[in-house]
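Structure, as structure tokens:
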Amino acid sequence: MNKLFDLTGKVAIVTGASTGLGYGMSIGLAEAGADILLVDIVPSTETEQEILKLGRKGFSIIADLAQMSSIDLVINSALDKFGKIDILVNNAGIIRRTPAIDFTEKDWDEVMQINSKAVFFLSQAAAKDMIKRKSGKIINIASLLSFQGGILVPSYSASKGAVAQITKALANEWAKYGLNINAIAPGYMATNNTKALREDPVRSKQILERIPAERWGTPDDLKGAVVFLASKASDYVNGHILVVDGGWLAR
Ligand code: NAD
């Protein structure tokens, strides 16, 4: 049974790996056996150190996914360092909170660039290596706002709706080459991304009241889902959005 989830010898790229969900998923993948290229706009020092302690290889690079030149940098770094790409986790993401009526073009473009456009083009670049080897797992980090409209975050909702559709579109084209393209939609997780919500007593109470598990999620809560979607266990799972939300969408 364990063989199904074993990632020994696999090479993963995780974006946004310095903190939050990217940190948790990187550790989960390393615990399952993977070596990891850690990509972030800041150094992923702590993540790298934890991975080394697990006896795996972790290598941190700085890349700004707001710049399209970062795509080649990330892919070439993975190929130079590890020789192949088995798993790509498109996790890096940003959010801007402003009422729609005042929302600026800058806040629209920056969120769409990092949350959607970089996801598509990084997947495209990684798939060029994966398709050659007829094997690969791409895991996009979607959101509950891939399904719901959200409040005060119009570009974030649009970008995460796009993540869900990119996931399905790529699965339709690349499943036949042995690639699995899926997404994880985390619920409300305690990270920097949700700091403003958790500090707002009204919103944080409203959110908690709707979560059947009666708690915010943590980065550790994504370990099982990411290992499943990165491993042989999910070989016939294509274009799926796996919700990990303590039951939020069920309510
Ligand atoms: P976070 O803010 O803690 O982490 C985001 C990471 O992305 C950081 O390490 C940051 O440095 C990196 N990043 C930001 N801009 C970047 C850029 N231009 N280039 C490279 N890296 C960049 O947030 P998180 O909660 O860990 O979010 C991770 C992902 O999960 C995001 O895509 C987010 O939208 C998604 N998500 C989070 C929640 C939640 O409740 N926290 C829920 C649903 C989805």
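Take the sequence shown: its letters are residues 132 to 382, numbered as in this note's numbering. Just so it is clear, CB atoms sit at the ideal spot from N, CA and C, and this is done for glycine as well.
Item to check | Option in A165, L204, G318 with minimal Cα separation from L275 | outcome: By 1-based counting over the sequence shown, the position of residue 275 is 144. If we check each option's Cα against that of L275, G318 comes out closest.
Checklist entry - Which whole-angstrom value is the C-beta distance of I193 and P174, which I expect to be below 8 Å? => result For the purposes of this step, residue 193 is taken as the residue at position 62 of the sequence shown. For the purposes of this step, residue 174 is taken as the residue at position 43 of the sequence shown. Beta-carbon to beta-carbon, I193 and P174 are separated by about 6 Å, close enough to satisfy the 8 Å threshold.
Next on the checklist: With a threshold of 8 Å (Cβ to nearest heavy atom), would L275 be considered close to ligand 1?
Outcome noted: The residue given as residue 275 occupies position 144 in the sequence shown. Yes; taking the cut-off as 8 Å, the Cβ of L275 has a heavy atom of ligand 1 nearer than that.
Item to check | Rounded distance between the beta-carbons of V357 and G122, thought under 8 Å | outcome: Because the chain in this structure spans residues 132 to 382, residue 122 falls outside the shown range and cannot be described.
Item to check | Start-to-end residues for the alpha helix (DSSP H) that takes in K184 | outcome: On the sequence shown, residue 184 is found 53 positions in, with the first residue counted as 1. Per DSSP, K184 is one residue of the alpha helix (DSSP H) stretching across 176-184.
Checklist entry - What whole-angstrom Cβ distance do V142 and K215 have, given they're in contact under 8 Å? => result For the purposes of this step, residue 142 is taken as residue 11 along the sequence shown, with counting starting at 1. For the purposes of this step, residue 215 is taken as residue 84 along the sequence shown, with counting starting at 1. About 6 Å; that satisfies the 8 Å criterion.
Next on the checklist: Just to check my reading of the structure: N221 and I272 have Cβ atoms closer than 8 Å, yes? What is that Cβ distance to the nearest angstrom?
Outcome noted: For this step, residue 221 is matched to residue 90 along the sequence shown. For this step, residue 272 is matched to residue 141 along the sequence shown. Correct: roughly 6 Å between the Cβ atoms.
Next on the checklist: As a quick exercise: from I282, M156, W347, K336, pick the residue whose alpha carbon is nearest that of F234.
Outcome noted: Within the sequence shown, numbered from 1, the residue matching residue 234 stands at position 103. Closest by alpha carbon: I282.
Checklist entry - Under 9 Å between C-beta atoms, does K307 make it to chain D? => result Of the protein chains in the structure, only one exists, and it is not chain D.
Item to check | Residue of L152, Q255, A163 minimising C-alpha distance to G224 | outcome: Sequence index remark: in the sequence shown, residue 224 carries index 93 (1-based). For G224, the nearest C-alpha among the options comes from L152.
Item to check | Strand pairing of V220, partner residues [DSSP] | outcome: Your numbering for residue 220 matches position 89 in the sequence shown. Beta-bridge pairing links V220 to V145, I270.
Item to check | beta-carbon S200 near ligand 1 non-hydrogen atom, thresh 8 Å | outcome: On the sequence shown, residue 200 is found 69 positions in, with the first residue counted as 1. The closest heavy atom of ligand 1 lies 8 Å or more from the beta carbon of S200.
Checklist entry - L196 and I245 look like a contact to me (Cβ under 8 Å); what is the Cβ gap, rounded to whole Å? => result As a first step, residue 196 is located in the sequence shown; it is residue number 65 there, counting from the start. As a first step, residue 245 is located in the sequence shown; it is residue number 114 there, counting from the start. Confirmed, about 5 Å.
Checklist entry - So is the beta-carbon of I167 under 8 Å away from any non-hydrogen atom of ligand 1? => result Here residue 167 is taken as the residue at index 36 of the sequence shown, counted from 1. Not one heavy atom of ligand 1 is found less than 8 Å from the C-beta of I167.
Next on the checklist: DSSP three-state label for S191, please.
Outcome noted: Translated into positions along the sequence shown, residue 191 becomes position 60. S191 falls in the strand class under three-state DSSP.
Checklist entry - Does ligand 1 have a heavy atom nearer than 8 Å to the CB of I270? => result Counting from 1 along the sequence shown, the entry for residue 270 is found at position 139. Placement of the Cβ of I270 at a distance of 8 Å or more from every heavy atom of ligand 1 is found.
Item to check | Beta-carbon gap between R346 and G377 smaller than 9 Å | outcome: The residue you call residue 346 lines up with position 215 of the sequence shown. The residue you call residue 377 lines up with position 246 of the sequence shown. Result yes, Cβ atoms of R346 and G377 sit closer than 9 Å.
Checklist entry - Who are G159's beta bridge partners in DSSP? => result Mapped onto the sequence shown, residue 159 falls at position 28. Partner(s): none; G159 has no beta bridge.
Checklist entry - How about A161 and E181: are their beta carbons less than 9 Å apart? => result Translated into the one-based positions of the sequence shown, residue 161 becomes position 30. Translated into the one-based positions of the sequence shown, residue 181 becomes position 50. Going by C-beta atoms, A161 is nearer than 9 Å to E181.
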